[in-house]
Each structure stands twice: as C-alpha cells, then as structure tokens.
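Student:
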Amino acid sequence: MVKEELKKIGIKYVVVELGMVEILEDITKEQRSILKQNLMKSGLEVLDNKKSILIEKIKNVITDMVHYKDELLKVNYSDYISEKLGYDYTYLANTFSEVKGITIQQFIIMHKIERVKELLIYDDLNLTEISYKMHYSSVAHLSGQFKKVTGLTPTFYKQLKNKRKSNLEDL
C-alpha cells in the first residue's frame, strides 16, 4: 500500500520496510503533503522529525522485547536497546524522556504490566511462571509492580476478569 502511494505521487524509493521508507531524492512539500494525507486515510502517519522517528524505533524495540521475546535476555534492557538501535543508551534515554515525558524504564514497566495482564487472562500460566517469563526476580516483585501500576493485585485482577467473563456468558 505504501509503495502504491509513493508510485502514484511519483516518489522514487529504494526500500520500503515495515515502518520505514528510504527515498532516493528530496521530495516537494506538495508531494509530502499528499503522501501524508493518503497514508493517514489508512491509519499511517509520516514522521519527519528525527527525534520522533527515534522514539518510534525505541517503542518498537521495547514492544518487541516485552511482547514477543520468550527467551530470557542475556543482557540488561539498556544494553539490548542500545545494541538494537546503535546509539548510546544515555542519549536514547534522554531523548525518550524529553519527548515522551516518562523514562524508558517506566515505558518498559507499563508494557510489562500490560503483557502480564494478557498472560493472567489468556494463558494457563500461574503467577510464578509469569514472573519467570517476564524476567521478574520474584513473584513478590511482579505483584508489587503490578499493584503500583494498576492499583490491584494480580490475583484480584484475574478474579475480576474471570467474574466479568462469566457474567457475559450468563447473558
């Protein structure tokens, strides 16, 4: 779809990968505007600002790391993110905080808790297994962080969701 839009507007490109387009030459303001409008209709957006692009890359690495990597990381998160993006972690952390208003660590915790919620509801894992899978040092650490973010214990959250599920089935 992105390739089609680029061709329609007459923009020559080298590579179109998920989330990235490498363009051969400078494009006019009009071409950029048309591309932006056409992509927005499909739910996509054009990021011009280098900081915005870097923030999106950081968010994508974190999302992939938290939601799709099942094996334990052999390095800490900061080294992993830095290595994946090829930037010094301090630079990444400062840029992220400046643009998003939260730290990378807070963003990781939010995503980890979202993943824990999914695992509590849809998987057959117990809290100990979830704690291990999500790289927590202990169930107590996971539970404490979960409660701090959601205001609920993991057990209460699961009971609440199960109760809602059964109420829906009764309708």
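Under full-length UniProt numbering, the first residue of the sequence shown is numbered 1, with each subsequent residue one higher.
Glycine included, each C-beta is placed from N, C-alpha and C at the ideal position.
Here the structure is a predicted model, which means the values were calculated and not measured.
1. Between which residues of its own chain and T63 is the CB-CB distance below 8 Å, once the five residues before and five after are set aside?
2. Taking the Cβ atom as the reference point for each residue, do Q145 and I121 lie within a distance shorter than 8 Å?
3. Say whether the region 50–66 touches the region 96–105, bearing in mind that this needs 3 or more beta-carbon pairs closer than 8 Å, one atom from each stretch.
4. Which stretch, first to last residue, makes up the alpha helix (DSSP H) that contains M65?
5. Looking only at C-alpha atoms, which of Q37, D26 and G86 sits nearest to E5?
6. Can you tell me the Cβ-Cβ gap for T153 and S143, rounded? I've got them flagged as a contact below 8 Å.
7. Going by DSSP in three states, L92 sits in which element: helix, strand or coil?
8. Report back the beta-carbon spacing between I108 and V66 to the nearest angstrom; my notes put them in contact at under 8 Å.
9. By DSSP, does H135 sit in helix, in strand, or in coil?
Tutor: From the atom records:
1. H111
2. no
3. yes
4. K50 to Y68
5. Q37
6. 6 Å
7. helix
8. 7 Å
9. coil
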